[in-house]
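S.K.: Please find one structure pasted underneath; my questions will follow.
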Amino acid sequence: MPSTKRSAGDNINRLGQERHQSALLRYALAVAFLVGTVLLFVTNSTSYLGWLLSLAGFASSYYLYRSGRHLTKRAGDAQRGAKAEKDVAALLRPLQRQGWYIEYNLKIRRWGDADLVLHSPKGNWYVIDVKSHGGTKVYENGCLRKRYGRNIYDFEEGDLIGKVKGQAQEVKSIKGARWVTAMLCFTKGDVDISLNEITGVYIVNTTNLISILSQLEQ
51 MPSTKRSAGD
61 NINRLGQERH
71 QSALLRYALA
81 VAFLVGTVLL
91 FVTNSTSYLG
101 WLLSLAGFAS
111 SYYLYRSGRH
121 LTKRAGDAQR
131 GAKAEKDVAA
141 LLRPLQRQGW
151 YIEYNLKIRR
161 WGDADLVLHS
171 PKGNWYVIDV
181 KSHGGTKVYE
191 NGCLRKRYGR
201 NIYDFEEGDL
211 IGKVKGQAQE
221 VKSIKGARWV
231 TAMLCFTKGD
241 VDISLNEITG
251 VYIVNTTNLI
261 SILSQLEQ
């Protein structure tokens, strides 16, 4: 099977562009509200109604500015995610030359999309969810977490293992596969997890992704 025409990171890159455009619109509206409010205040500073409208205008301008800041951050997150997917796709190119089928951004019902779906020449299926979080990934108190020095934090996205397991089940149904191996691949930081595996999900980084895929194919 040839790889699909979709490129790695297409969906999340498009999402990042949409967020960036929305952020610019909110910044523009914030400036417009601010200018209008200042003019209203100057011309109606002695009016009680003018004060109320000015207060509402300043509040609206501030809200739009904060909303724009949030969208700018989310756009940056999406751009980093798109780069991470492209980096992993580049690592997998040698496998394509060996006959592996690779599909990018497969749409699935509940979980958005699967970043990478692989089908090996031996008939094995894999789904890879790509993440760009830094820190050392550890398994503590029944949860996948990230460690920075002595501090350990949860992932903001919640249960990453449960999510990729759900993706594997969806891919299994779509492809009619007997089994789909779920993998989380981090493009930053280390992984400090025994055998790189938690409840059937492989936790890897760009350093050992190919070697672990090779081991699973043996």
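Take the sequence shown: its letters are residues 51 to 268, numbered as in our numbering.
Beta carbons: idealized from backbone N, C-alpha and C, even for Gly.
Check the C-beta distance from Asn155 over to Asp163 and give it rounded, since I have them as a contact under 8 Å.
M.R.: Position 105 of the sequence shown holds residue 155. Position 113 of the sequence shown holds residue 163. Taking 8 Å as the upper bound for CB-CB distance, Asn155 and Asp163 are in contact here, some 5 Å apart.
S.K.: With DSSP run on the structure shown, which of helix, strand or coil describes Ile262?
M.R.: For this step, residue 262 is matched to residue 212 along the sequence shown. In this structure, Ile262 counts as helix in the three-state DSSP scheme.
S.K.: Flag this pair as touching only if the segment 87 to 95 and the segment 117 to 135 have three or more C-beta atom pairs under 8 Å; answer yes or no.
M.R.: Short answer: they don't touch.
S.K.: Determine the extent of the beta strand (DSSP E) in which Ala218 is found, giving its start and end residues.
M.R.: Counting from 1 along the sequence shown, the entry for residue 218 is found at position 168. Taken as a continuous stretch (DSSP letters only), Ala218 belongs to no beta strand (DSSP E), being part of the alpha helix (DSSP H) at Leu210 to Lys225.
S.K.: Considering just the uninterrupted stretch of the beta strand (DSSP E) at Leu156, what are its terminal residues?
M.R.: Sequence index remark: in the sequence shown, residue 156 carries index 106 (1-based). From DSSP, the beta strand (DSSP E) with Leu156 extends over Tyr151 to Lys157.
S.K.: Kindly indicate which three-state DSSP category Trp229 falls into: helix, strand or coil?
M.R.: As a working note, residue 229 is residue 179 in the sequence shown. Three-state result, Trp229: coil.
S.K.: Between Thr186 and the rest of its own chain, which residues show a CB-CB distance below 6 Å, the 5 nearest in sequence each way excluded?
M.R.: Walking along the sequence shown from the start, residue 186 turns up at place 136. So the list reads Arg197, Gly239, Asp240 and Asp242, once near-sequence residues are dropped.
S.K.: If you pair each beta-carbon of the segment 75 to 88 with each one of the segment 100 to 114, do three or more pairs fall below 8 Å?
M.R.: yes
S.K.: Should Val177 and Ala132 be called a contact, given that it needs their Cβ atoms to be closer than 8 Å?
M.R.: As a working note, residue 177 is residue 127 in the sequence shown. As a working note, residue 132 is residue 82 in the sequence shown. Result no, Cβ atoms of Val177 and Ala132 do not sit closer than 8 Å.
S.K.: When burial is assigned at 16 or more other CB atoms within 10 Å of the CB, is Val81 buried or exposed?
M.R.: In the sequence shown, residue 81 corresponds to position 31, counting from 1. Burial call: exposed.
S.K.: Report yes if the CB atom of Val221 is closer than 8 Å to the CB atom of Ile158, and no otherwise.
M.R.: For the purposes of this step, residue 221 is taken as the residue at position 171 of the sequence shown. For the purposes of this step, residue 158 is taken as the residue at position 108 of the sequence shown. The answer is yes: Cβ separation under 8 Å.
S.K.: Can you name the residues that DSSP bridges to Leu103?
M.R.: Counting from one through the sequence shown, the residue named residue 103 turns up at place 53. Paired residues: none, contrary to the question.
S.K.: Over what stretch of residues does the beta strand (DSSP E) that includes Val241 continue unbroken?
M.R.: Numbered from 1 along the sequence shown, position 191 holds the residue referred to as residue 241. Note, Val241: premise wrong, no beta strand (DSSP E); not H, not E.
S.K.: Going by other Cβ atoms of all chains shown within 10 Å of its Cβ, with 16 needed for buried, is Arg228 buried or exposed?
M.R.: For this step, residue 228 is matched to residue 178 along the sequence shown. Burial state of Arg228 is exposed, judged by a 10 Å Cβ sphere holding fewer than 16 other Cβ atoms.
S.K.: Comparing C-alpha positions only, which one of Ser223, Leu145, Arg124 and Gly86 sits nearest to Ser110?
M.R.: Taking the sequence shown and counting its residues from 1, the one referred to as residue 110 is at position 60. The shortest Cα separation from Ser110 among Ser223, Leu145, Arg124 and Gly86 belongs to Gly86.
S.K.: By alpha-carbon positions, which one of Phe108, Phe236, Gly208 and Gln268 ends up nearest to Leu84?
M.R.: Here residue 84 is taken as the residue at index 34 of the sequence shown, counted from 1. The option with the nearest alpha carbon to Leu84 is Phe108.
S.K.: May I have a chain-ordered list of the beta strand (DSSP E) segments no shorter than 3 residues that lie completely inside the segment 115 to 139?
M.R.: none
S.K.: What residue from Val138, Asp209 and Gly184 has the CA that sits closest to Asp165's CA?
M.R.: For the purposes of this step, residue 165 is taken as the residue at position 115 of the sequence shown. That would be Val138, whose Cα lies nearest to the Cα of Asp165.
S.K.: Where does Asn246 fall in DSSP's three states?
M.R.: For the purposes of this step, residue 246 is taken as residue 196 along the sequence shown, with counting starting at 1. Looking at Asn246 - three-state DSSP - the assignment turns out to be helix.
S.K.: On the CB-based measure, 16 or more other CB atoms within 10 Å of its CB, does Glu207 come out buried or exposed?
M.R.: Numbered from its first residue, the sequence shown carries residue 207 at position 157. It counts as exposed.
S.K.: What separation, rounded to the nearest whole angstrom, lies between the Cα atoms of Gly250 and Ser104?
M.R.: By one-based count along the sequence shown, residue 250 stands at place 200. By one-based count along the sequence shown, residue 104 stands at place 54. Approximately 58 Å between the Cα atoms of the pair.
S.K.: Give me, in chain order, the residues of the same chain whose beta-carbon lies closer than 6 Å to that of Val180; leave out the 5 immediate sequence neighbours on both sides.
M.R.: Taking the first residue of the sequence shown as position 1, residue 180 is located at position 130. Closer than 6 Å at the Cβ level, and outside the excluded window around Val180, lie Ala134, Glu135, Val138, Asp165 and Cys235.
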